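K.L.:
Below you can see the structure in the form of structure tokens.
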């Protein structure tokens, strides 16, 4: 488009920059075609004015406003509608003033206003530069602190890794010592068992002859033991107890159930191998409570 309107390579290069979008480039080309002041064109090429603000700069130049007058309303912070209103007011004021004394006073007032705005812009620019420097220093300080934190964390991880490695080595040494002690204990037990077997062999080789009146006692069966533990109990109760293969703790709970006065049928309910002694005791207590409550209700 710029070449079609007759712009040279130098002018095209001024607008063909990444910071301008297509519409901003188009409006800047129109500014060049309208012979807008070079400084104003450079201002448009900075990318701070959008595609609606640039035409207000061009319109001000076409309407005969000076560069300073255009700069009085051409600021990126003002929307295009506000720039247009200020531009039209400025043009109307210049027309009304004419060449009279009021016009000279208005011109002087405008020049003073422009100078004040230029001073304000310069101060803003200086303050902005100071802010950027301060911001850079703060960022560098924060970055240094973050880097130091990362470095400290890395050192802490290295220390923890060293500690873990040391603990693993100590655990390996302790495990080796435990294995060695277990081997020594096994060897000692083997020697002790060998000595016991040897002693038993010596005792077997020299049996004592029982006296003539001695008669061997028949071995007691499990049922015989249960008959002594649970006297006056029927054989079906004893057979059930023997069949379950209860432990000594469980047998004690069964005996306590009989002693507490529970009937045989009630005691049969707790004669189970899968019940622990504690559960058998709790069931016995529950059955006694139920019996007591029934008597109370009766």
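Numbering (full-length UniProt numbering), first residue to last: 1 to 298. For every residue, glycine included, the Cβ atom is placed at its ideal position computed from N, Cα and C. Predicted model only: the values in this text are computed from it and were never measured.
Where does the unbroken alpha helix (DSSP H) through residue 36 begin, and where does it stop?
P.N.:
Where residue 36 is concerned, there is no enclosing alpha helix (DSSP H), given that its DSSP letter is neither H nor E.
K.L.:
For a test of the three-state rule: what should DSSP assign to residue 273, helix, strand or coil?
P.N.:
Residue 273: coil per DSSP, three-state reduction.
K.L.:
State buried or exposed for residue 169, treating a residue as buried only when at least 16 other CB atoms are found within 10 Å of its CB.
P.N.:
With fewer than 16 Cβ atoms within 10 Å of its Cβ, residue 169 is classed as exposed.
K.L.:
Do residue 261 and residue 289 have their beta-carbon atoms positioned less than 9 Å apart in this structure?
P.N.:
Going by C-beta atoms, residue 289 is not nearer than 9 Å to residue 261.
K.L.:
With respect to the alpha helix (DSSP H) encompassing residue 60, which residues constitute its N-terminal and C-terminal limits?
P.N.:
Note, residue 60: alpha helix (DSSP H), 54-62.
K.L.:
Looking at the secondary structure, which residues open and close the alpha helix (DSSP H) in which residue 251 lies?
P.N.:
Here the alpha helix (DSSP H) through residue 251 covers 248-259.
K.L.:
On the DSSP letters alone, give me the boundaries of the alpha helix (DSSP H) that residue 90 sits inside.
P.N.:
Start and end: 80-97.
K.L.:
Note down the Cα distance separating residue 282 from residue 250, rounded to an integer number of angstroms.
P.N.:
When rounded, the distance between both Cα atoms is 12 Å.
K.L.:
Answer yes if the stretch 117-124 comes into contact with the stretch 83-100, meaning at least three C-beta pairs across the two stretches below 8 Å, and no otherwise.
P.N.:
At 8 Å Cβ cutoff, the stretches do not touch.
K.L.:
Residues in the same chain with beta-carbon distance under 7 Å from residue 48, minus the five sequence neighbours each way, listed in chain order, please.
P.N.:
If we look at residue 48 and ignore the five residues flanking it on each side, its Cβ neighbours are 76.
K.L.:
Per DSSP, what kind of secondary structure is residue 262 in: helix, strand or coil?
P.N.:
Correct three-state label for residue 262: coil.
K.L.:
In or out: residue 191 buried (at least 16 other Cβ within 10 Å) or exposed?
P.N.:
Classification for residue 191: exposed.
K.L.:
What does a CB cutoff of less than 8 Å around residue 17 pick up in its chain, not counting 5 residues either side in sequence?
P.N.:
Closer than 8 Å at the Cβ level, and outside the excluded window around residue 17, lie 45, 47.
K.L.:
Classify residue 41: buried if its beta carbon has 16 or more other beta carbons within 10 angstroms, exposed otherwise.
P.N.:
That one is buried.
K.L.:
Between residue 68 and residue 60, how many whole angstroms is the CB-CB distance? I'm expecting something under 8 Å.
P.N.:
So it is not a contact: roughly 11 Å between Cβ atoms.
K.L.:
Taking residue 73 as the reference, which of 62, 64, 53, 187 has the closest Cα?
P.N.:
It is 53.
K.L.:
Quick check on DSSP: helix, strand or coil for residue 77?
P.N.:
Coil, per DSSP.
K.L.:
Tell me which same chain residues have a C-beta within less than 8 Å of the C-beta of residue 10, skipping the five on either side of it?
P.N.:
Hits under 8 Å: none found.
K.L.:
Span of the alpha helix (DSSP H) holding residue 50?
P.N.:
No alpha helix (DSSP H) contains residue 50, which DSSP labels as neither H nor E.
K.L.:
So, using beta-carbon positions, are residue 36 and residue 57 closer together than 9 Å?
P.N.:
Closer than 9 Å, so yes.
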